[in-house]
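K.L.:
Using our numbering, you'd call the opening residue of the sequence shown number 975 and step up by one each time.
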Amino acid sequence: MISIDFRDARIDGRRPTERHEVLLRIVARLVVTDDGTELFAESEFPIVELAQHLWRWLRVGAVNNSGFTYKSMESEQEDLLWFARESDGWSIGSADRKIAAGVRLEEIRTASERFVDRVSVEIPGSLGVPVRDVIVGS
975 MISIDFRDAR IDGRRPTERH EVLLRIVARL VVTDDGTELF AESEFPIVEL
1025 AQHLWRWLRV GAVNNSGFTY KSMESEQEDL LWFARESDGW SIGSADRKIA
1075 AGVRLEEIRT ASERFVDRVS VEIPGSLGVP VRDVIVGS
């Protein structure tokens, strides 16, 4: 089962007060695993911004079987994380590297929902920064 997770969340710099600061200053080690095997890891990843993009994709893109691409406002690198539909299922990748293939869309949806939920619940508890309204666009 695919998992999108994070570890060691922290605030990069001063406590965020503006929306864009909440999106970009809460960073962690992003980890994508398949049945516990680490496929991809990236440090200093803006997890609230990723959660916001995944939340939007879950409401529109996933429903329409559309792919997902994530590019951070802070990074010049394109497609830091992506999901693409292929003939044998879905692939997951980062930049120009495919990290998983033949994945069921339902697995990606579930992993994405869990990631968004975990960021929404754990970040306010551990770092004292409310993030839910930023993620869902309220």
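For each residue, glycine too, the CB sits at the ideal point set by N, CA and C.
#1: Reducing DSSP to helix, strand and coil, say where Val996 ends up.
#2: Would you call the CB atoms of Phe980 and Leu997 closer than 8 Å?
#3: Report the residue ranges of all beta strand (DSSP E) runs contained in full by the stretch 976-1046; include only those spanning at least 3 residues, in chain order.
#4: Is Val1108 near Arg993, with beta carbons less than 8 Å apart?
#5: Relative to the C-alpha of Glu1080, which candidate in Ile1073, Ala1074 and Trp1064 has its C-alpha closest?
#6: Could you name the residues of the same chain whose beta carbon sits closer than 6 Å to that of Gly1076, not counting the 5 residues immediately before and after it, in chain order?
#7: Quick check on the DSSP output: the beta strand (DSSP E) that includes Gly1063 runs from which residue to which?
#8: Identify whether Arg1059 lies in helix, strand or coil by the three-state DSSP scheme.
#9: For the candidate residues Leu1101, Phe1019, Thr1084 and Val1103, whose alpha-carbon lies nearest to that of Met975?
#10: Shorter than 7 Å, the distance from the beta carbon of Glu1023 to the closest heavy atom of the ligand SAH, or not?
#11: Name the two residues that bound the continuous alpha helix (DSSP H) containing Gly1099.
#12: Sorted by chain position, which residues of the same chain lie with C-beta nearer than 7 Å to Lys1045's C-beta, five sequence neighbours on each side aside?
P.N.:
According to the data block:
#1: helix
#2: no
#3: 976-985, 1000-1008, 1011-1020 and 1042-1044
#4: yes
#5: Trp1064
#6: Asp1062 and Gly1063
#7: Gly1063 to Ser1068
#8: strand
#9: Thr1084
#10: The ligand SAH is not part of this structure, which contains no ligands at all.
#11: Leu1079 to Leu1101
#12: Glu1052, Asp1053 and Leu1054
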